[in-house]
Amino acid sequence: MILSLLVLLLSANAAGTDSPTVLIFGDSLSAGYGIEVDQSWASLLQVRLETQGYEHKVVNASISGETSEGGVTRIDAALATFAPELVILELGANDGLRGFPTARIKTNLAAVVTRAQASGAKVVLLGIKIPINYGARYSAAFEAVFRQISEELNIQWIEFFMEGIALNDELLQDDRIHPNAMAQSLLLDNAWPIISATLDE
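All residue numbers for the sequence shown refer to this note's numbering, where the first residue is 274 and numbers rise by one.
#1: Is residue 364 helix, strand or coil by DSSP?
#2: In terms of DSSP beta bridges, what is residue 294 paired with?
#3: To the nearest angstrom, report how far apart residue 375 and residue 429 are at their CA atoms.
#4: Determine which residues share a DSSP beta bridge with residue 359 and list them.
#5: Give the secondary structure of residue 445 by DSSP, where H, G and I count as helix, E and B as strand, and everything else as coil.
#6: Say whether the segment 451 to 459 touches the segment 340 to 348, bearing in mind that this needs 3 or more beta-carbon pairs closer than 8 angstroms, one atom from each stretch.
#7: Here's the rule: buried if 16 or more other CB atoms are within 10 angstroms of the residue's CB, otherwise exposed. What is residue 440?
#8: Reducing DSSP to helix, strand and coil, say where residue 429 ends up.
#9: Rounded to whole angstroms, what's the CA-CA distance from residue 416 to residue 435? Just pull it up for me.
#10: On a Cα-Cα basis, can you pick out the residue from 352, 460, 320 and 298 that is closest to residue 392?
#11: Use the C-beta contact count for residue 452: other C-beta atoms within 10 angstroms, 16 or more gives buried, fewer gives exposed.
#12: Can residue 302 and residue 366 be called in contact, C-beta distance under 9 angstroms?
#13: Can the beta-carbon of residue 397 be found closer than 9 angstroms to that of residue 308?
#14: Please report how far the alpha carbon of residue 385 lies from the alpha carbon of residue 432, in whole angstroms.
#15: Residue 292: which of 299, 331, 300 and 305 sits nearest, CA to CA?
#16: Could you tell me how far apart the beta carbons of residue 399 and residue 295 are, in whole angstroms, since I believe they sit closer than 8 angstroms?
#17: Go ahead and label residue 405 buried or exposed: buried means 16 or more other beta carbons lie within 10 angstroms of its beta carbon, across all protein chains shown.
#18: In whole angstroms, what is the alpha-carbon distance linking residue 363 and residue 326?
#19: Roughly how far, in whole angstroms, is the beta-carbon of residue 418 from the beta-carbon of residue 450, given that I think they are within contact range, below 8 angstroms?
#20: Tell me which same chain residues have a C-beta within less than 6 angstroms of the C-beta of residue 490, skipping the five on either side of it?
#21: Measuring only the C-alpha atoms, how far is residue 445 from residue 438?
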């Protein structure tokens, strides 16, 4: 399962092998956890790119359960394999849910971003929030990590990838954590403005 998620070309109809690549590098929120792959926001992104006239192919290197530290260990191989024009970074949720130190999360995410930038790729960052029961101080520090990285490394970001979904039981799976199939188009709509703006730079 990990291998199938790591190297998943989302559209057989995407333009040829010389087409620029958009690499989604995330966790279960982007891996299509609990739903069919073709229902995932990553698959919907491929369709939108094609309908909007972009020639990019989408590669989804997201793995359920992934942490920012795991991302650091995988990013070099992903960059070498796919040579992406754009990296969509969606990591950190599992770190926050496990209460990892925010300084460590920031260091890891920054490492992923800087390595991607060094390869010539553009990067966008999908921010996430954690439940308030983790404590106001930790939650605030965790959420600030994404803003700080975007400012310090000059990349576009969104504050909350799960905006409009996280508190809506109709858009969540039975675990009340993962978005269901109906939520996938909303996830794409949340991320699309920074994706399209960065591709058009």
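Glycine is no exception: its CB is placed at the ideal position from the N, C-alpha and C atoms.
All values derive from a computational prediction rather than experimental measurement.
Inspection of the coordinates gives the following:
#1: Counted from its first residue, the sequence shown places residue 364 at position 91. Looking at residue 364 - three-state DSSP - the assignment turns out to be coil, as it is neither helix nor strand.
#2: Translated into positions along the sequence shown, residue 294 becomes position 21. Looking at the DSSP assignment, residue 294 forms a beta bridge with 330.
#3: The residue you call residue 375 lines up with position 102 of the sequence shown. The residue you call residue 429 lines up with position 156 of the sequence shown. If you take the alpha carbons of residue 375 and residue 429, they lie about 20 angstroms apart.
#4: To locate residue 359, count along the sequence shown from 1; it is residue 86. Residue 359 is bridged to 295 and 395.
#5: Position 172 of the sequence shown, counted from the start, is the residue given in the question as residue 445. Here residue 445 sits in strand by DSSP.
#6: no
#7: By 1-based counting over the sequence shown, the position of residue 440 is 167. Label assigned to residue 440: exposed.
#8: Position 156 of the sequence shown holds residue 429. Strand at residue 429.
#9: Position 143 of the sequence shown, counted from the first residue, corresponds to residue 416. Position 162 of the sequence shown, counted from the first residue, corresponds to residue 435. So the two alpha carbons sit approximately 13 angstroms from each other.
#10: For the purposes of this step, residue 392 is identified with residue 119 of the sequence shown, where counting begins at 1. When only C-alpha atoms are compared, the closest one is 352.
#11: Here residue 452 is taken as the residue at index 179 of the sequence shown, counted from 1. Result: buried.
#12: As a first step, residue 302 must be located in the sequence shown, where it is residue number 29. As a first step, residue 366 must be located in the sequence shown, where it is residue number 93. Contact flag set, yes.
#13: Indexing the sequence shown from 1 puts residue 397 at position 124. Indexing the sequence shown from 1 puts residue 308 at position 35. Cβ distance not < 9 angstroms, so residue 397 and residue 308 don't count as in contact.
#14: What you label residue 385 is simply residue 112 of the sequence shown in a count that begins at 1. What you label residue 432 is simply residue 159 of the sequence shown in a count that begins at 1. One C-alpha to the other measures close to 18 angstroms.
#15: Your numbering for residue 292 matches position 19 in the sequence shown. Closest by alpha carbon: 331.
#16: In the sequence shown, residue 399 corresponds to position 126, counting from 1. In the sequence shown, residue 295 corresponds to position 22, counting from 1. That pair is no contact at about 13 angstroms.
#17: In the sequence shown, residue 405 corresponds to position 132, counting from 1. Exposed, by the Cβ-count rule.
#18: By one-based count along the sequence shown, residue 363 stands at place 90. By one-based count along the sequence shown, residue 326 stands at place 53. Those two C-alpha atoms are separated by around 25 angstroms.
#19: Position 145 of the sequence shown, counting from 1, holds the residue named residue 418. Position 177 of the sequence shown, counting from 1, holds the residue named residue 450. About 20 angstroms separates the two Cβ atoms, so there is no contact after all.
#20: Residue 490 cannot be examined here, being either before or after the span of the chain that is shown, 274 to 474.
#21: As a working mapping, residue 445 is identified with position 172 in the sequence shown. As a working mapping, residue 438 is identified with position 165 in the sequence shown. Approximately 7 angstroms between the Cα atoms of the pair.
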